[in-house]
Each structure stands twice: as C-alpha cells, then as structure tokens.
Amino acid sequence: MNSLGTSIVNGIYRIVINQILQSPGIYYRSELDHNGISVYTGTIISDWGGRSELEIDRKARIWARIFYKINSDWLWPHC
Numbered sequence: 008m009n010s011l012g013t014s015i016v017n018g019i020y021r022i023v024i025n026q027i028l029q030s031p032g033i034y035y036r037s038e039l040d041h042n043g044i045s046v047y048t049g050t051i052i053s054d055w056g057g058r059s060e061l062e063i064d065r066k067a068r069i070w071a072r073i074f075y076k077i078n079s080d081w082l083w084p085h086c
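In my numbering, the protein residues as written are 8 to 86.
(1) Give every residue of the same chain whose Cβ lies closer than 6 Å to the Cβ of Arg58, excluding the five residues on either side of it in the sequence, and list them in chain order.
(2) Taking Cβ positions, are Ser37 and Thr48 nearer each other than 9 Å?
(3) Which one or two residues does DSSP pair with Gly49 in a beta bridge?
(4) Please identify the residue among Arg68, Ala71, Arg72, Glu60 whose C-alpha is closest to the C-alpha of Gly32.
(5) Am I right that Val46 and Asp40 are in contact with their C-beta atoms under 8 Å? What's the rounded C-beta distance?
Now the structure itself:
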C-alpha cells in the first residue's frame, strides 16, 4: 500500500472496497465545536446494521442518537 491508501498491482492503482466500509465495533473521536470546546463522541456499529452515537458535551451531559435501517417491506401505505 502506498501513501495514497491504494495498492499497485501490475502497474495499476487498486483500492480495496472493504477499506471504505466501517467494521462493526466501537469508534471514539474528539472534535471541537463552533466555540472551540472539545466534544467527545463514541459510535457503536453493530453487526445487524444499527448504529448508535453517544456524545458528551462540556456540561458532562450524555446525548444519544440511534440510527436504524428500516426495511421497505414494513412500510404500509396510508389509505
């Protein structure tokens, strides 16, 4: 793998698609908000496609966001 994150096979640049997708697990990151204050976020990615984010702000409050995949088979049309 070179510095661009690609591989060279037979003189042609190749990229592995699995590198683009995030594997299930827990990911942590720290970002600065618009006031320059650190906000810590943990993202939980499950095997079944659900995703949760926990965020801690400067007042030590914990915020939770839950993202689900909704199958189109479960949606009912309104009559």
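No residue lacks a Cβ here, since even glycine has one placed at the ideal position from N, Cα and C.
Let's see:
(1) Ile52, Phe74
(2) yes
(3) Tyr35, Leu61
(4) Glu60
(5) 5 Å
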